[in-house]
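Student: Mind having a look at this structure? Questions to follow.
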Amino acid sequence: MSNLFPVTLEGATLRRSGKVLVGPVNLELRAKGVTVVIGPNGAGKTSLLRMMHGIARLGGGSIRWACPPEEARAHQAFVFQQPIMMRRSVLGNLTYPLRLTGTSWSEARDRATQAATEVGLADMLDRPAPYLSGGERQKLALARALITRPELLFLDEPCASLDGRATREIEEILTRAAAAGTRLIMSTHDMGQARRLATEVLFLMNGNIHEHSSAEMFFGGSASPQAQAFLKGDIVE
Amino acid sequence: MEIWSGITEAFWLLVTLDADLVEITLRSLYVTLTALVIASAIALPLGALLAVRRFRARRITIAVLNALMGLPPVVVGLIVYVLLSRSGPFGVLGLLFTPTAMIIAQVIIIVPLIASIAHQALRELWSDYHDLLISMNTTQAQRVQALLWDGRRALLTASLAGFGRAIGEVGAIMVVGGNIDHHTRVLTTAIALETGKGEFALALGLGFVLIAMAIAVNLAIHVIGRTERGGRW
Amino acid sequence: MKRTIFAALSAALLATGAIADEMKLAVTTSFHNSGLSDILLPRIKEDTGIEVQLLVVGTGQAIKLGEAGDVDAILVHSRKAEDGFLAGGFGTHRREIMYNDFVFIGPSTDAAHVAEAESAANALARIMTAQAPFVSRGDDSGTHKKELSLWAAAEIAPEGAWYKAVGAGMGAALNTAAGLDAYIMADRASWLNFGNKGNLALLYAGDPILFNQYAYLPVNPDKHEHVETELAAKLEAWLVSDTAKALINDYKINGETLFVFNAK
Numbered sequence: 110m111s112n113l114f115p116v117t118l119e120g121a122t123l124r125r126s127g128k129v130l131v132g133p134v135n136l137e138l139r140a141k142g143v144t145v146v147i148g149p150n151g152a153g154k155t156s157l158l159r160m161m162h163g164i165a166r167l168g169g170g171s172i173r174w175a176c177p178p179e180e181a182r183a184h185q186a187f188v189f190q191q192p193i194m195m196r197r198s199v200l201g202n203l204t205y206p207l208r209l210t211g212t213s214w215s216e217a218r219d220r221a222t223q224a225a226t227e228v229g230l231a232d233m234l235d236r237p238a239p240y241l242s243g244g245e246r247q248k249l250a251l252a253r254a255l256i257t258r259p260e261l262l263f264l265d266e267p268c269a270s271l272d273g274r275a276t277r278e279i280e281e282i283l284t285r286a287a288a289a290g291t292r293l294i295m296s297t298h299d300m301g302q303a304r305r306l307a308t309e310v311l312f313l314m315n316g317n318i319h320e321h322s323s324a325e326m327f328f329g330g331s332a333s334p335q336a337q338a339f340l341k342g343d344i345v346e
Numbered sequence: 114m115e116i117w118s119g120i121t122e123a124f125w126l127l128v129t130l131d132a133d134l135v136e137i138t139l140r141s142l143y144v145t146l147t148a149l150v151i152a153s154a155i156a157l158p159l160g161a162l163l164a165v166r167r168f169r170a171r172r173i174t175i176a177v178l179n180a181l182m183g184l185p186p187v188v189v190g191l192i193v194y195v196l197l198s199r200s201g202p203f204g205v206l207g208l209l210f211t212p213t214a215m216i217i218a219q220v221i222i223i224v225p226l227i228a229s230i231a232h233q234a235l236r237e238l239w240s241d242y243h244d245l246l247i248s249m250n251t252t253q254a255q256r257v258q259a260l261l262w263d264g265r266r267a268l269l270t271a272s273l274a275g276f277g278r279a280i281g282e283v284g285a286i287m288v289v290g291g292n293i294d295h296h297t298r299v300l301t302t303a304i305a306l307e308t309g310k311g312e313f314a315l316a317l318g319l320g321f322v323l324i325a326m327a328i329a330v331n332l333a334i335h336v337i338g339r340t341e342r343g344g345r346w
Numbered sequence: 128m129k130r131t132i133f134a135a136l137s138a139a140l141l142a143t144g145a146i147a148d149e150m151k152l153a154v155t156t157s158f159h160n161s162g163l164s165d166i167l168l169p170r171i172k173e174d175t176g177i178e179v180q181l182l183v184v185g186t187g188q189a190i191k192l193g194e195a196g197d198v199d200a201i202l203v204h205s206r207k208a209e210d211g212f213l214a215g216g217f218g219t220h221r222r223e224i225m226y227n228d229f230v231f232i233g234p235s236t237d238a239a240h241v242a243e244a245e246s247a248a249n250a251l252a253r254i255m256t257a258q259a260p261f262v263s264r265g266d267d268s269g270t271h272k273k274e275l276s277l278w279a280a281a282e283i284a285p286e287g288a289w290y291k292a293v294g295a296g297m298g299a300a301l302n303t304a305a306g307l308d309a310y311i312m313a314d315r316a317s318w319l320n321f322g323n324k325g326n327l328a329l330l331y332a333g334d335p336i337l338f339n340q341y342a343y344l345p346v347n348p349d350k351h352e353h354v355e356t357e358l359a360a361k362l363e364a365w366l367v368s369d370t371a372k373a374l375i376n377d378y379k380i381n382g383e384t385l386f387v388f389n390a391k
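Protein chains in written order, with the numbering used here: chain A, 110 to 346; chain B, 114 to 346; chain C, 128 to 391.
Structure representation (structure tokens):
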């Protein structure tokens with residue numbers, strides 16, 4: 110098993126048509142825990158995750174993993190705010206990432222069935238994925254992301270449009286994954302969720318990391334004034 | 114009046130299962146379906162590649178494809194004719210005035226059409242899939258594969274459009290096939306021939322057979338693909 | 128029924144492969160439209176074993192096909208073009224087979240009084256004088272060339288709104304004439320076999336200048352070594368035989384003889 114961490118960002122910047130979306134970011138993340146990215150709307154949470162994962166091309170600076178970049182990519186997965194459902198069955202969605210890396214069909218099917226059971230979709234294997242409800246879709250997306258057993262999973266506001274029950278189910282899955290050793294980096298605007306899951310916090314403002322601290326310290330009252338204000342629900346700029 | 118006698122003629126040709134009619138109908142199907150399979154094998158991956166890949170000549174390729182869609186079949190026929198003629202560069206193959214020549218011409222005619230429609234359809238699918246497939250570290254070929262498989266319903270429509278254009282085409286296959294009886298005569302060239310002879314009823318009859326066959330093939334393909342089940346699938 | 132389908136299917140599928148002795152013969156539209164080929168081809172197959180594949184085109188295109196070596200022989204009716212073909216070395220020789228004649232067709236009302244003409248040239252002069260619509264093949268075919276030579280002989284330059292060159296085969300040109308109620312020159316065979324006569328009628332025929340000689344010209348193997356010279360020679364022998372003579376002379380539509388065998 111390769112080791113991605115620590116990962117170091119130096120002046121990492123993401124631009125779109127000349128405008129800086131996020132950065133320059135200087136950051137080092139270690140191998141353990143659940144990093145929660147919070148901050149006001151437009152602070153650059155999504156951009157930071159996409160930049161680190163490599164879906165968005167780096168506009169400047171560098172991101173260095175502890176292993177070669179191709180290897181790092183192979184051990185990551187990403188769950189999007191709007192789950193992207195492939196136009197095939199639940200089973201087809203789950204087996205797809207396995208088949209990409211050459212897993213045999215029968216093994217892929219067994220693992221997919223197992224994964225579906227873990228997220229409570231076992232009786233929906235043959236259903237077309239685009240027909241699932243919002244919560245079911247996100248659970249499927251999560252199971253699909255975890256099925257390759259990535260070392261690192263990015264999640265971009267995975268519960269943004271879900272009801273309480275679906276949110277709780279997703280959080281349970283995430284807690285299990287974290288306990289099993291999957292490194293999570295996740296953005297959220299739900300401070301309750303951040304408190305429940307985070308071991309460390311990245312507080313973003315205006316495309317930059319304003320604060321990087323442990324969850325205990327951040328939520329325990331030693332956060333910066335801006336972060337305090339944000340936590341209270343004030344508008345921060 | 115003429116229409117009515119055409120319908121009657123078509124009816125009699127069909128109920129008596131006229132041997133010549135059966136022969137040219139089967140040849141029409143053979144030529145066009147073969148051309149369709151070959152053209153789809155070229156055009157569908159091409160359409161997917163154009164959707165997935167950003168290469169320098171992409172815009173030009175798309176523009177050329179769109180322009181070629183409007184290419185008059187008779188021009189294609191003439192080009193293929195000149196190439197396959199005994200005096201042309203591929204003359205030694207002796208392909209002129211054979212069903213193979215007709216297939217080649219039809220492939221050239223429908224590849225741009227199928228590729229263009231496929232590209233339109235898959236571009237939309239690709240914008241859905243883009244982030245996911247990039248995130249999954251897929252290769253170019255795997256992306257094309259995923260689009261072709263998950264977009265198969267839209268691609269079927271593209272192929273059927275190609276079939277429609279090929280089966281009803283007469284200009285090119287007349288030139289490269291020569292409309293030789295029992296050899297390269299198909300429904301459309303037979304219709305042109307009978308029209309030339311002033312046998313309008315028979316020509317119309319053959320025309321109705323052609324329409325009926327086109328509808329039958331469309332229905333058959335839809336049934337086989339069971340594509341009518343489940344909306345977006 | 129199953130058999131028919133199977134036979135037809137295999138015929139369609141195997142059509143590319145050479146099953147029997149096959150040769151390609153480019154013939155003029157007028158020859159094929161007359162229906163004579165439907166009589167001759169099965170007998171040729173029976174007597175010689177040769178499957179003659181007909182490419183039905185205008186004389187101009189038939190000559191082109193012969194020059195390119197895309198056919199093994201041509202059967203056409205335009206002396207000047209044939210001589211040019213031979214002069215260019217594209218054919219081995221020219222063999223006269225038979226003749227038919229050209230006729231003047233026009234609306235049965237005959238506003239130009241072509242039916243009263245004394246000669247072919249006179250008939251054309253009447254059409255021109257009346258400015259009556261006239262449809263010309265305009266496709267460089269033997270019939271078209273013949274028509275142009277007749278205008279030249281009558282010392283008339285055919286131009287004006289009444290002269291319509293349609294650039295199409297005999298049948299299509301006749302369809303146009305029927306639609307326009309126009310005059311047209313056609314070979315007798317095509318006319319008799321034409322199914323869409325409408326208001327048209329045969330108005331003038333008989334001038335010897337209207338005779339239409341068909342000749343058979345095998346493609347020169349020196350130019351194109353792949354041509355089926357032997358089959359072409361075999362076919363020629365059959366075309367000048369007594370069997371062919373009887374079939375050609377006895378071929379009638381509505382009781383009218385179409386072709387006169389004159390091979391020597």
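A virtual CB, placed ideally from N, CA and C, is assigned to each residue, including glycine. Remember, it's a predicted structure, so these values are computed and weren't measured experimentally.
Among A:GLU180, A:PHE189, A:ALA183, A:ALA224, whose alpha-carbon lies nearest the alpha-carbon of GLY201 (chain A)?
Tutor: Sequence index remark: in the first sequence, residue 201 (chain A) carries index 92 (1-based). Per the Cα distances, A:ALA224.
Student: Look at the alpha carbon of ALA300 (chain C) and the alpha carbon of LEU162 (chain B), and state the distance between them as a whole number of angstroms.
Tutor: Within the third sequence, numbered from 1, the residue matching residue 300 (chain C) stands at position 173. Within the second sequence, numbered from 1, the residue matching residue 162 (chain B) stands at position 49. Looking at the two C-alpha atoms, the distance is approximately 48 Å.
Student: Does DSSP put LYS350 (chain C) in a helix, a strand or coil?
Tutor: On the third sequence, residue 350 (chain C) is found 223 positions in, with the first residue counted as 1. LYS350 (chain C): coil per DSSP, three-state reduction.
Student: At the level of alpha carbons, what is the spacing between ALA244 (chain C) and LEU317 (chain B)?
Tutor: Taking the third sequence and counting its residues from 1, the one referred to as residue 244 (chain C) is at position 117. Taking the second sequence and counting its residues from 1, the one referred to as residue 317 (chain B) is at position 204. Each residue's Cα considered, the two are about 38 Å apart.
Student: Chain A beta carbons: is any one of them nearer than 8 Å to that of ILE120 (chain B)?
Tutor: Within the second sequence, residue 120 (chain B) is the residue found at index 7, counting from 1. Answer no: the Cβ-Cβ gap between ILE120 (chain B) and chain A never drops below 8 Å.
Student: How big is the Cα-Cα spacing for ILE164 (chain A) and PHE168 (chain B)?
Tutor: As a working mapping, residue 164 (chain A) is identified with position 55 in the first sequence. As a working mapping, residue 168 (chain B) is identified with position 55 in the second sequence. Spanning the two alpha carbons is a distance of roughly 19 Å.
Student: For PHE327 (chain A), which residues from the same chain have a beta carbon less than 6 Å from its beta carbon, with the 5 sequence-adjacent residues on both sides left out?
Tutor: The sequence position of residue 327 (chain A) within the first sequence is 218, counting from 1. Taken in chain order, the residues that qualify are VAL310.
Student: Under a three-way DSSP split, which group does ARG199 (chain B) fall into?
Tutor: Along the second sequence, one-based indexing puts residue 199 (chain B) at 86. It is coil, neither helix nor strand.
Student: Would you mind listing the alpha helix (DSSP H) stretches within the stretch 152-214 of chain A that are 4+ residues and don't spill past its ends, in chain order?
Tutor: Those alpha helix (DSSP H) runs which fall completely within the stretch 152-214 of chain A and span 4+ residues are 154-162, 178-183, 199-209.
Student: Jot down the residue ranges of each uninterrupted alpha helix (DSSP H) in the stretch 295-340 of chain B, minimum 4 residues, whole runs only, in chain order.
Tutor: For the stretch 295-340 of chain B, whole alpha helix (DSSP H) runs of length 4 or above, ordered along the chain, are 300-309, 313-338.
Student: For GLY343 (chain B), count neighbouring C-beta atoms within 10 Å of its own C-beta (all shown protein chains included) and say buried if the count is 16 or more, exposed if not.
Tutor: Your numbering for residue 343 (chain B) matches position 230 in the second sequence. At GLY343 (chain B) the pLDDT is 47, less than 50, meaning the model places this residue with poor confidence; the figure from the coordinates comes in the next sentence. The residue is exposed, with fewer than 16 neighbouring Cβ atoms inside 10 Å.
Student: When you compare only the Cα positions, how much space is there between MET314 (chain A) and SER333 (chain A)?
Tutor: The residue labelled residue 314 (chain A) in the question sits at position 205 within the first sequence. The residue labelled residue 333 (chain A) in the question sits at position 224 within the first sequence. So the alpha carbons of these two residues sit roughly 12 Å apart.
Student: Scan the stretch 201-280 of chain C and note each continuous beta strand (DSSP E) run of 3 residues or more that stays entirely inside, going in chain order.
Tutor: Listed in chain order, the complete beta strand (DSSP E) runs (minimum 3 residues) inside the stretch 201-280 of chain C are 222-234, 261-263.
Student: Shortest alpha-carbon distance to PHE276 (chain B) belongs to which of B:LEU206, B:SER141, B:ARG256, B:ARG265?
Tutor: By 1-based counting over the second sequence, the position of residue 276 (chain B) is 163. Among B:LEU206, B:SER141, B:ARG256, B:ARG265, the Cα nearest to that of PHE276 (chain B) belongs to B:SER141.
Student: Measure the CB-CB distance between ASP263 (chain B) and LEU238 (chain B) and report whether it falls below 8 Å.
Tutor: Counting from one through the second sequence, the residue named residue 263 (chain B) turns up at place 150. Counting from one through the second sequence, the residue named residue 238 (chain B) turns up at place 125. For ASP263 (chain B) and LEU238 (chain B), yes; Cβs fall inside 8 Å.
Student: Here's the rule: buried if 16 or more other CB atoms are within 10 angstroms of the residue's CB, otherwise exposed. What is HIS162 (chain A)?
Tutor: Sequence index remark: in the first sequence, residue 162 (chain A) carries index 53 (1-based). Flag for HIS162 (chain A) reads buried.
Student: So what's SER153 (chain B) in DSSP terms, helix, strand or just coil?
Tutor: Here residue 153 (chain B) corresponds to residue number 40 of the second sequence, with the count starting at 1. The answer is helix: DSSP assigns SER153 (chain B) an H, G or I state.
Student: What does DSSP give as the partner residue(s) for ALA342 (chain C) in the beta ladder?
Tutor: Position 215 of the third sequence, counted from the first residue, corresponds to residue 342 (chain C). Note: ALA342 (chain C) sits in a beta bridge opposite C:VAL203, C:GLU223.
Student: Tell me the DSSP secondary structure of HIS321 (chain A) in three-state form.
Tutor: For this step, residue 321 (chain A) is matched to residue 212 along the first sequence. Residue state, collapsed to three classes: strand.
Student: Is the separation between the beta-carbon of ASN160 (chain C) and that of ALA316 (chain C) shorter than 8 Å?
Tutor: Translated into the one-based positions of the third sequence, residue 160 (chain C) becomes position 33. Translated into the one-based positions of the third sequence, residue 316 (chain C) becomes position 189. Result yes, Cβ atoms of ASN160 (chain C) and ALA316 (chain C) sit closer than 8 Å.
Student: Among A:GLY153, A:LEU249, A:ALA286, whose alpha-carbon lies nearest the alpha-carbon of ARG125 (chain A)?
Tutor: The residue you call residue 125 (chain A) lines up with position 16 of the first sequence. Per the Cα distances, A:GLY153.
Student: Chain B partners of ILE164 (chain A), CB-CB under 7 Å?
Tutor: Translated into the one-based positions of the first sequence, residue 164 (chain A) becomes position 55. Simply ASP244, ILE247, SER248.
Student: Taking the C-alpha atoms as reference points, what is the distance between LEU181 (chain B) and PRO225 (chain B)?
Tutor: Sequence index remark: in the second sequence, residue 181 (chain B) carries index 68 (1-based). Sequence index remark: in the second sequence, residue 225 (chain B) carries index 112 (1-based). About 6 Å.
Student: Under a Cβ-count criterion, where at least 16 other Cβ atoms within 10 Å of its own Cβ denotes burial, should THR144 (chain A) be classed as buried or exposed?
Tutor: Your numbering for residue 144 (chain A) matches position 35 in the first sequence. THR144 (chain A) is buried by the Cβ-count criterion.
Student: Out of curiosity, what's the CA-to-CA distance linking LYS129 (chain C) and GLU136 (chain B)?
Tutor: Position 2 of the third sequence holds residue 129 (chain C). Position 23 of the second sequence holds residue 136 (chain B). Confidence at LYS129 (chain C) is low in this model, with a pLDDT of 48, below 50, so the placement of that residue should be treated as unreliable; the coordinate-derived value is given next. So the alpha carbons of these two residues sit roughly 13 Å apart.
Student: For PHE313 (chain B), return the contacting residues in chain C, with the cut-off set at a CB-CB distance below 8 Å.
Tutor: Taking the first residue of the second sequence as position 1, residue 313 (chain B) is located at position 200. The answer, in chain order, is GLY322, ASN323.
Student: Could you say which of A:GLU137, A:ASN112, A:PRO133 lies nearest to HIS321 (chain A) if we only look at CA atoms?
Tutor: Within the first sequence, residue 321 (chain A) is the residue found at index 212, counting from 1. Comparing Cα positions, the closest option is A:GLU137.
Student: Report the residue from A:GLU281, A:THR117, A:MET160, A:ALA140 whose alpha carbon sits nearest the alpha carbon of GLY316 (chain A).
Tutor: Working through the first sequence from its first residue, we reach residue 316 (chain A) at position 207. The option with the nearest alpha carbon to GLY316 (chain A) is A:MET160.
Student: Within 8 Å of any Cβ in chain B, is that where the Cβ of TYR378 (chain C) sits?
Tutor: Locating residue 378 (chain C) in the third sequence gives position 251, counting from the first residue. No, because no Cβ of chain B sits closer than 8 Å to the Cβ of TYR378 (chain C).
Student: Where does the unbroken alpha helix (DSSP H) through TYR242 (chain B) begin, and where does it stop?
Tutor: Counted from its first residue, the second sequence places residue 242 (chain B) at position 129. 212-248 is the extent of the alpha helix (DSSP H) around TYR242 (chain B).
Student: For ALA327 (chain B), which residues in the same chain have their Cβ closer than 6 Å to its Cβ, ignoring the five residues on either side in sequence?
Tutor: One-based indexing of the second sequence puts residue 327 (chain B) at position 214. Within the same chain, ALA327 (chain B) has close Cβ partners ILE280.
Student: Under the rule that 16 or more other beta-carbon atoms within 10 Å means buried, what is THR138 (chain B), buried or exposed?
Tutor: The residue you call residue 138 (chain B) lines up with position 25 of the second sequence. Classification for THR138 (chain B): buried.
Student: Taking C-beta pairs closer than 7 Å, name the residues in chain B that LEU209 (chain A) reaches, listed in chain order.
Tutor: Translated into positions along the first sequence, residue 209 (chain A) becomes position 100. Under the 7 Å cutoff, chain B gives MET249, THR251, GLN255.
Student: Give me the Cβ distance between LEU358 (chain C) and ASP199 (chain C), rounded to the nearest whole Å; I'm assuming they're in contact under 8 Å.
Tutor: Reading the third sequence from its first residue, position 231 is the one you call residue 358 (chain C). Reading the third sequence from its first residue, position 72 is the one you call residue 199 (chain C). Confirmed, about 7 Å.
Student: So with Cβ pairs under 8 Å, would you call PRO178 (chain A) a contact of chain B?
Tutor: Taking the first sequence and counting its residues from 1, one reaches residue 178 (chain A) at position 69. So no, PRO178 (chain A) is outside the interface.
Student: For the alpha helix (DSSP H) containing LYS324 (chain C), list its first residue and its last residue.
Tutor: For the purposes of this step, residue 324 (chain C) is taken as the residue at position 197 of the third sequence. Here LYS324 (chain C) belongs to no alpha helix (DSSP H), and DSSP marks it neither H nor E.
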